Amino acid sequence: MKLDPYSPVPLHAQLTEYIKSEILKGNYTGKIPSEREFMEEFNVSRTTVRESISTLVRDDFLEKRHGRGTFVNLRPVHEMWHGNLKSYTENIEAAGMKPGAKLLFSGTRSKPETIARKFNSESFYFIERLRYANDNIMAIERKFFDLEIGKKLAEFDLDQANIYEILENSLGVTLCEAEETITSQVPSLEDAKLLGISKSSSVLVTERSTYSPEKKLIEVVNTVFRADKYAVTIKMKRNNSRSKTISVDG
């Protein structure tokens, strides 16, 4: 794209709109090009580039990180609850963003014992992943399965996989319903480092137990979200259909 020097719209405003459109289309994720790169690509002054960047920082599309450069400011993901059981991948895609994952660990474990007891076993299969949205770290996902399912999952590439798709389409597991608890917590030192936040920050923690139609426990998943990047909206409807009883004397 070329900027139009003869347009009544100032060059910095044209550049601002271009960068914003690239962000919204998902073409700019993470760190954006440097001032010098914008100057050379669009043949504009440093002042023009800085004015555009400042506008986008003020409007929360970009954020400056000291000593690192300018980055796309990840928009908070708002998960809307209508009672539908969705995976992390499906929720991020519904928000118009690109989901991603990085496998941290997969294998058999015996602790915490509270998880083992849920599966009526001494051990279970554990998968830990970092979860991304538009290449930005969003959450830490810790999934627990019984050993039978876990060993089958181990045959797949779990680094980027949609595990719900593997369960349903490859392993023939039907996911029917789930119970989920949401709490606000202070992160552990390990979690704070993984998420790139301070130890004093808050995190949103969800714990979900997912069941088959036969009420068999399929998975327990604990997800630690950056509270500044994730929000849950619950849609509710009041039931006004209570029947009225009229007593008649006579």
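Under full-length UniProt numbering, the residue at position 157 of the sequence shown is numbered 157, and the numbers go up by one with no gaps.
We put the CB at the ideal spot given by N, CA and C, even for glycine.
If you're wondering where the values come from, they're calculated on a predicted model, not measured in any experiment.
- The C-beta separation of VAL224 from ILE140 comes to about 4 Å, placing the pair in contact by the 8 Å criterion.
- Excluding its 5 nearest sequence neighbours in each direction, GLY196 has C-beta neighbours in its own chain below 7 Å: ILE137, listed in chain order.
- Its chain contains SER110, GLU122, SER123, PHE124 as the residues whose beta carbon lies nearer than 8 Å to that of ALA116, once the 5 sequence neighbours on both sides are disregarded; these appear in chain order.
- In this structure, the CA atom of THR108 is about 9 Å from the CA atom of ILE127.
- Just so you know, the alpha carbons of ILE19 and LEU130 end up roughly 28 Å apart.
- The beta carbon of ASN84 is closer than 8 Å to none in its chain, skipping five residues each way along the sequence.
- Boundaries of the alpha helix (DSSP H) around PHE42: 35-42.
- GLN185 carries a strand assignment under DSSP once its states are collapsed to helix, strand and coil.
- Per DSSP, the unbroken beta strand (DSSP E) holding GLU219 starts and ends at 217-226.
- DSSP places VAL49 in the uninterrupted alpha helix (DSSP H) bounded by 46-58.
- Counted as a single uninterrupted DSSP element, the stretch harbouring LYS111 is not any alpha helix (DSSP H), since DSSP gives it neither H nor E.
- Pairwise C-beta distances place the stretch 200-210 in contact with the stretch 167-181, as three or more of them are shorter than 8 Å.
- In this model, VAL49 and MET39 are separated by some 7 Å (Cα to Cα).
- Taking every protein chain shown into account, the CB of TYR6 has fewer than 16 other CB atoms within 10 angstroms, so this residue is exposed.
- Under the DSSP assignment, SER202 falls outside any beta strand (DSSP E); it carries neither an H nor an E label.
- DSSP places GLY150 within a helical segment (H, G or I) once states are collapsed to three.
- Residue pairing of SER209 in beta bridges, as defined by DSSP: GLU179, VAL220.
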